[in-house]
């Protein structure tokens, strides 16, 4: 009687896709840890591979270049849920102090998750990453553009401030530079930063 041949294991495409996704996520997380602490030019693909627990050939096969990996890190890192919904909620209030404390809360949410990425992009020296950084700053300026008019109509805006000046103050104070100096460099907690920023904007822009 002939022996039955060994049954071949069924190819599980879904499992392979999940494994590939998990490997990609591990590489992105490892790259973020190293690139955010070091510099773009000093961190090597080999170091990222070792941090991720994979071979450097795997990193190259998934991303091709360090620049493409850096773009993936930024794309994943900037996914923050609920920011637009919270901004709309604050805007529905009639209290200008609520609007400015909303700016502080949203700034904290973004910076707490992405401050290391902003710093990395700005200090990378790579033209494409610097362009991404500038695009984000321009987008933030556009998103905050409705506030000066709301503040002016509230009757609480300090006299002598033009709408462009109000927007410049909000944009500068809620940006990455100030958060980095206070939280990353001086050791403030994100909650202290949020409370201070809300109070500072109220003092700078509104009549008591």
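In the numbering used here, the protein residues as written are 731 to 938.
All C-beta atoms in this analysis are idealised placements derived from N, C-alpha and C, irrespective of residue type, glycine included.
List the residues that DSSP assigns as beta-bridge partners of residue i.
i	result
residue 936	887
Label residue i either buried or exposed according to how many other C-beta atoms from any shown protein chain fall within 10 Å of its C-beta, with 16 as the threshold for buried.
i	result
residue 876	exposed
residue 981	Residue 981 is absent from the model: the chain starts at 731 and stops at 938.
residue 826	buried
residue 900	buried
residue 894	exposed
residue 771	exposed
residue 896	buried
residue 787	exposed
residue 782	buried
residue 751	exposed
Please report how far the alpha carbon of residue i lies from the alpha carbon of residue j, in whole angstroms.
i	j	result
residue 768	residue 778	12 Å
residue 853	residue 758	19 Å
residue 804	residue 855	15 Å
residue 747	residue 843	27 Å
residue 871	residue 784	40 Å
residue 909	residue 743	45 Å
residue 886	residue 806	39 Å
residue 938	residue 791	60 Å
residue 922	residue 931	14 Å
residue 817	residue 824	14 Å
residue 927	residue 745	47 Å
residue 801	residue 888	42 Å
residue 821	residue 857	36 Å
residue 884	residue 919	32 Å
> Could you give the uninterrupted runs of the alpha helix (DSSP H) lying entirely in the region 864–932, keeping only those of 4 residues or more?
Replying inline: 877–884, 893–903, 906–909
>> Measuring CB atoms only, is the region 862–878 touching the region 834–852, in the sense that at least three cross pairs come out at less than 8 Å?
In response: yes
> Which ranges would you report for the alpha helix (DSSP H) in the region 752–837 if only whole runs of at least 4 residues count?
Replying inline: 775–782, 786–793, 796–807, 813–821
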